Amino acid sequence: MISLYMAGNSWAHRLPARVKLLFLFVLSLLIIPFNTLWFSAALLAFVVALYATLGRRGLEKVKVVRPLLWMMVIILLVHAFLGDIEQGIIAVLRLLAMVLLANFISITTHMEALMDAVEPLFRPLRVFGISPMRMSLAVALVIRFVPVLLAVYASLQEAYKARTARSNSWRLLAPFALHAIKMTDHVSEALTARGGADGFDRS
Amino acid sequence: MSSDRSLVQIAFYAALIAALGLVPKIELGLAGGIPITAQSLGVMLAGMMLGPVRGGLAVALLLFLVALGLPFLAGGRGGIGVFYGMTAGYLAGYFFGAVAVGAIMRAMRNMNVVFGAIVSGVLGGIVVVHAFGVPVLAYKADMTLYNAFLVGSLPFIPGDLIKVALATLVAHTIARGLPSAMLSRS
Numbered sequence: 001m002i003s004l005y006m007a008g009n010s011w012a013h014r015l016p017a018r019v020k021l022l023f024l025f026v027l028s029l030l031i032i033p034f035n036t037l038w039f040s041a042a043l044l045a046f047v048v049a050l051y052a053t054l055g056r057r058g059l060e061k062v063k064v065v066r067p068l069l070w071m072m073v074i075i076l077l078v079h080a081f082l083g084d085i086e087q088g089i090i091a092v093l094r095l096l097a098m099v100l101l102a103n104f105i106s107i108t109t110h111m112e113a114l115m116d117a118v119e120p121l122f123r124p125l126r127v128f129g130i131s132p133m134r135m136s137l138a139v140a141l142v143i144r145f146v147p148v149l150l151a152v153y154a155s156l157q158e159a160y161k162a163r164t165a166r167s168n169s170w171r172l173l174a175p176f177a178l179h180a181i182k183m184t185d186h187v188s189e190a191l192t193a194r195g196g197a198d199g200f201d202r203s
Numbered sequence: 204m205s206s207d208r209s210l211v212q213i214a215f216y217a218a219l220i221a222a223l224g225l226v227p228k229i230e231l232g233l234a235g236g237i238p239i240t241a242q243s244l245g246v247m248l249a250g251m252m253l254g255p256v257r258g259g260l261a262v263a264l265l266l267f268l269v270a271l272g273l274p275f276l277a278g279g280r281g282g283i284g285v286f287y288g289m290t291a292g293y294l295a296g297y298f299f300g301a302v303a304v305g306a307i308m309r310a311m312r313n314m315n316v317v318f319g320a321i322v323s324g325v326l327g328g329i330v331v332v333h334a335f336g337v338p339v340l341a342y343k344a345d346m347t348l349y350n351a352f353l354v355g356s357l358p359f360i361p362g363d364l365i366k367v368a369l370a371t372l373v374a375h376t377i378a379r380g381l382p383s384a385m386l387s388r389s
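Protein chains in written order, with my numbering: chain A, 1 to 203; chain B, 204 to 389.
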């Protein structure tokens with residue numbers, strides 16, 4: 001599975017994940033009162049500069065915001081229509097800056113480091129029987145299941161194509177769900193047979 | 204019901220929601236060929252099948268993975284950035300929506316499954332999701348709630364209604380073919 005993470009050894013990669021997350025959280029609160037055009041533009045420039053410090057490959061990662069652009073155009077149009085285009089530009093610049101900044105953490109922090117960084121937040125959940133061990137098992141299962149499910153869907157699609165000459169249909173959804181649920185049973189049996197989510201040494 | 208099984212079910216539905224966002228878009232001939240992404244369909248299904256607690260946990264797990272940087276949202280989006288974008292409210296809405304769908308489904312477990320699925324899908328899968336999505340969009344884009352609703356929610360409601368119909372169809376198929384999987388009704 002492809003994650004957003006970009007392998008590297010820049011200053012941003014070496015920074016502890018917790019510091020980066022805290023910085024993002026604090027900054028997102030700090031910028032709230034500064035609602036001017038130049039501040040939003042400067043913020044965006046600062047964030048793009050952060051990407052630039054990662055080199056050309058890093059700068060290319062700015063493209064991740066592309067899916068958001070059409071929605072931003074609509075936001076601008078709404079504001080233009082209401083006669084306050086400046087407010088719209090501020091909102092869009094600020095959105096771009098914050099999305100890119102948050103994304104900067106995703107591309108410079110390995111998934112496991114992020115998980116370790118947020119693990120203490122989940123400790124209170126132990127009261128409900130959600131141990132960090134179960135949590136990481138669940139995460140691993142999802143990462144493994146997504147490609148499996150996509151393969152199941154692809155095989156259903158192929159069979160459907162052979163029968164109807166069309167490639168995709170809502171008719172595949174119910175069999176897809178049935179297949180997936182059947183697989184759940186097998187996997188949970190296999191898990192129990194191997195000692196369960198907590199392993200053999202407990203209970 | 205062992206806890207191992209619950210864990211696998213939660214993980215599986217989280218994966219199912221992700222997979223439904225990543226499969227090729229389905230074009231509906233009936234609805235003039237508009238392509239729909241099936242991600243929110245997965246959210247409805249998680250609630251309908253697993254009930255409020257496990258359904259909600261499945262969505263929460265998926266969102267956690269997205270925050271960890273995996274591209275599991277529709278169209279391959281992911282990372283912490285999506286929680287700072289204008290659609291962040293809809294993501295929170297997915298969680299509360301799945302809980303609501305599951306709760307309504309459970310409350311209606313003695314009624315017809317099709318009826319239960321339609322009511323829970325419309326209330327939980329559409330009303331609740333948009334109720335969280337619109338205020339956040341309004342705040343992020345500096346618009347009024349009404350304008351945010353017009354640009355952010357209204358255009359998607361027809362597609363959402365189609366997804367309720369599809370989720371109902373799937374729920375009906377499963378209630379018939381594999382009733383043990385309808386945990387919300389057991």
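Ideal placement from N, C-alpha and C gives every residue a C-beta, glycine not left out.
Computed from a predicted model, the values in this text were never measured in an experiment.
Taken through DSSP and simplified to helix, strand or coil, L82(A) comes out as coil.
As computed with DSSP, L276(B) is found in a beta bridge with R280(B).
M311(B) is outside the set of residues whose beta carbon lies under 8 angstroms from a beta carbon in chain A.
Between the alpha carbons of L172(A) and V325(B) lies a distance of about 22 angstroms. For F122(A), the enclosing alpha helix (DSSP H) has its first and last residue at M111 to F122. In the DSSP assignment, K366(B) falls within the alpha helix (DSSP H) that extends over I360 to G380. Within chain A, the C-beta atoms nearer than 7 angstroms to that of G288(B) come from L68, L95 and V99, in chain order. Proximity to L21(A) across M135(A), E119(A) and L150(A) peaks at E119(A), based on C-alpha coordinates. In the three-state reduction of the DSSP assignment, T290(B) falls in the coil class.
Positions of the alpha helix (DSSP H) runs, each at least 4 residues long and wholly inside the segment 111–191 of chain A, are given as 111–122 and 132–164 in order along the chain.
For L93(A) against A49(A), the beta-carbon gap comes to about 15 angstroms, at or over 8 angstroms, which does not count as contact. Here DSSP, grouped into helix, strand and coil, assigns A41(A) to helix. Apart from sequence neighbours up to five positions away, the residues of its chain that approach A117(A) with a beta-carbon distance below 7 angstroms are A17, R18 and L21, ordered along the chain.
Out of F176(A), E189(A), N168(A) and G195(A), the CA that lies nearest to the CA of P227(B) is found in N168(A). For L268(B), a Cβ of chain A is located within less than 8 angstroms of the residue's own Cβ.
Rounded to the nearest whole angstrom, the CA to CA distance from L273(B) to R14(A) is 20 angstroms.
The segment 346–358 of chain B and the segment 209–222 of chain B do not touch, with fewer than three beta-carbon pairs separated by less than 8 angstroms. Distances from the alpha-carbon of A301(B) to those of A270(B), V285(B), H333(B) and F318(B) put H333(B) closest. For Y5(A), no alpha helix (DSSP H) run applies, since DSSP gives it neither H nor E.
Taking C-alpha positions only, H375(B) is separated from N315(B) by approximately 10 angstroms. Taking CB atoms only, S188(A) has a neighbour in chain B less than 8 angstroms away. Rounded to the nearest angstrom, the gap between the Cα atoms of L114(A) and M311(B) is 40 angstroms. Look at I377(B): its C-beta is under 8 angstroms from a C-beta on chain A. Per DSSP, reduced to three states, the secondary structure at A344(B) is coil, with no helix or strand assignment. Per the Cβ contact rule, the segment 265–281 of chain B is not in contact with the segment 83–92 of chain A (fewer than 3 Cβ pairs under 8 angstroms).
Take the alpha-carbon of G278(B) and the one of W70(A): they are about 14 angstroms apart. For the segment 312–335 of chain B, the set of residues with a beta-carbon nearer than 9 angstroms to any beta-carbon of chain A is empty. Taking CB atoms only, V64(A) has a neighbour in chain B less than 8 angstroms away. Residues of chain A whose Cβ lies closer than 9 angstroms to the Cβ of Q242(B) do not exist, since the nearest Cβ in that chain is about 13 angstroms away. The C-beta of F128(A) has fewer than 16 other C-beta atoms within 10 Å across all chains shown, which makes the residue exposed. Look at G83(A): its C-beta is not under 8 angstroms from any C-beta on chain B.
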